[in-house]
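Input: a single structure, listed below in structure tokens.
Residue numbers (our numbering): 17 to 371.
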């Protein structure tokens, strides 16, 4: 499947590039303290956290582990008036149009050294960016309305409903639609049809209030929220795995905020992983939820979808408990599945492919 991507968006100096640097584990973005330090979106491929892979590797006796990945885009800071082209707005909004999931970075930390216009408020940050996206969508629908006058009464009526909905300051994704209407709207590539998540960038002195902050902001914004300190996460990303674990434990954190963010984004994009485990490598592969076995085979190699015969499948838990394919087969936990089998999260698979 083609790679789905997450766009990191927000106002200048909320910590977008710091978050992106942490995700990549190295300084790949220009994280200077002034607006438009990042003009072209930085693109990075980020591993999806999956503790199952190490356990699989021990069972099959391989050291090569290949995790599933996600693509993150660090998009330069939006400002009020972006929809009208201010602050390089047209470029930024075009970059947002190209991603599949929007990740808002909202500032909750206080830092006099990091320039800020106005009081710190995650909710206000979100409102400014969302308003710009809605305004751009209004322009798009308005253009469609001028074309729709030559269309059927049904299309004209629906365009007006959509325009009025957006004009009330509501994102398009909150409007109830039939499948037919949704298909029509999809062709317009509206920015506010995209799913959203939010990162609340907190200070180190707020890290004992993560759950409280997440619940409060989620209740107001009605989108999933991860609260983290991008600065701390960037420091953790530079440590070795064991050092990072100990450091997080000292802070009273069991799982890094980055890992929670990547897992959240993976789920919001409706993605799941299936697993392959052989002597050469253990690997997690990304597919959309609901994919059939031949489609999953095609992710490994495009020819495999057409030449698919059947799939040898077992659950991850059974593979670990019975120590590999031999044990799974002896315990009757292995299944042979055909073309109509719908893949499940954590399936361990070997595909039978024809010539």
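By construction, the Cβ of each residue, glycine as well, lies at the ideal position given by its N, Cα and C atoms.
Remember, it's a predicted structure, so these values are computed and weren't measured experimentally.
Check, Outcome
"With a Cβ-Cβ cutoff of 8 Å, do residue 81 and residue 69 count as a contact?", "yes"
"I need the DSSP call for residue 125, collapsed to helix, strand or coil.", "coil"
"Going by C-alpha to C-alpha distance, which of 83, 357, 154, 22 sits closest to residue 206?", "154"
"Kindly give me the distance between the Cβ atoms of residue 342 and residue 368, rounded to whole angstroms, as I take these residues to be in contact under 8 Å.", "The Cβ separation is near 17 Å, so there is no contact."
"For a test of the three-state rule: what should DSSP assign to residue 33, helix, strand or coil?", "helix"
"Report all residues from its chain with a CB closer than 8 Å to the CB of residue 224; omit the five preceding and five following residues, and keep chain order.", "268"
"So, helix, strand or coil for residue 368, using DSSP?", "strand"
"Please say whether residue 298 and residue 62 have beta carbons closer to each other than 8 Å?", "no"
"Where residue 353 and residue 193 are concerned, what is the direct C-alpha to C-alpha distance, given to the nearest angstrom?", "36 Å"
"Do residue 126 and residue 219 come within 8 Å of each other at the CB atom, strictly closer than that value?", "yes"
"Could you give the residue range of the beta strand (DSSP E) that holds residue 328?", "324-331"
"In angstroms with no decimal places, state the Cα-to-Cα distance between residue 308 and residue 321.", "10 Å"
"Rounding to the nearest angstrom, what Cα-Cα distance links residue 149 and residue 188 in this structure?", "10 Å"
"Does the separation of the CB atoms of residue 191 and residue 157 fall below 8 Å?", "no"
"Between residue 247 and residue 29, what straight-line distance do the alpha-carbon atoms span, to the nearest angstrom?", "13 Å"
"Give me the Cα-Cα distance between residue 142 and residue 120, rounded to the nearest whole angstrom.", "7 Å"
"Helix or strand or just coil, what does DSSP make of residue 221?", "helix"
"Taking the beta strand (DSSP E) that residue 60 belongs to, which residues open and close that run?", "58-63"
"Can you tell me the Cα-Cα spacing of residue 280 and residue 234, whole angstroms?", "14 Å"
"DSSP state of residue 90, grouped into three classes?", "strand"
"Within 10 angstroms of its Cβ, does residue 152 collect 16 or more other Cβ (buried), or is it exposed?", "buried"
"Quick one: Cα of residue 112 to Cα of residue 37, how far?", "19 Å"
"Between residue 201 and residue 293, how many whole angstroms is the CB-CB distance? I'm expecting something under 8 Å.", "Actually they are not in contact, since the Cβ atoms of residue 201 and residue 293 sit about 42 Å apart, beyond 8 Å."
"Closest to residue 242 by C-alpha separation, out of 211, 160, 274, 338, would be which residue?", "274"
"Using a Cβ-Cβ cut-off of 8 Å (strictly less than) and excluding sequence neighbours within five positions of residue 160, which residues of its own chain qualify?", "175, 204"
"Determine the burial state of residue 183: buried for a count of at least 16 other Cβ atoms within 10 Å of its Cβ, exposed for fewer.", "exposed"
"One question on the structure: do residue 216 and residue 117 come within less than 8 Å of each other, judged by their Cβ atoms?", "no"
"Should residue 310 and residue 324 be called a contact, given that it needs their Cβ atoms to be closer than 8 Å?", "yes"
"Assign residue 181 to one of two classes, buried (16 or more other C-beta atoms within 10 Å of its C-beta) or exposed (fewer than that).", "buried"
"For residue 363, which of helix, strand or coil comes out of DSSP?", "strand"
"Can you tell me where the alpha helix (DSSP H) holding residue 21 begins and where it ends?", "Residue 21 -> not in any alpha helix (DSSP H); beta strand (DSSP E) instead, spanning 21-25."
"Roughly how many whole angstroms lie between the Cα atoms of residue 173 and residue 240?", "33 Å"
"List, from N- to C-terminal side, the beta strand (DSSP E) runs of 3 residues or more that fit wholly inside the stretch 176-257.", "211-217, 241-244"
"By Cβ distance, which residues of its chain are closer than 7 Å to residue 361, with the 5 residues on each side in sequence left out?", "288, 289"
"Rounded to a whole number of angstroms, what is the C-alpha to C-alpha distance between residue 263 and residue 252?", "8 Å"
"Relative to the alpha-carbon of residue 109, which residue among 79, 146, 195 has its alpha-carbon at the smallest distance?", "146"
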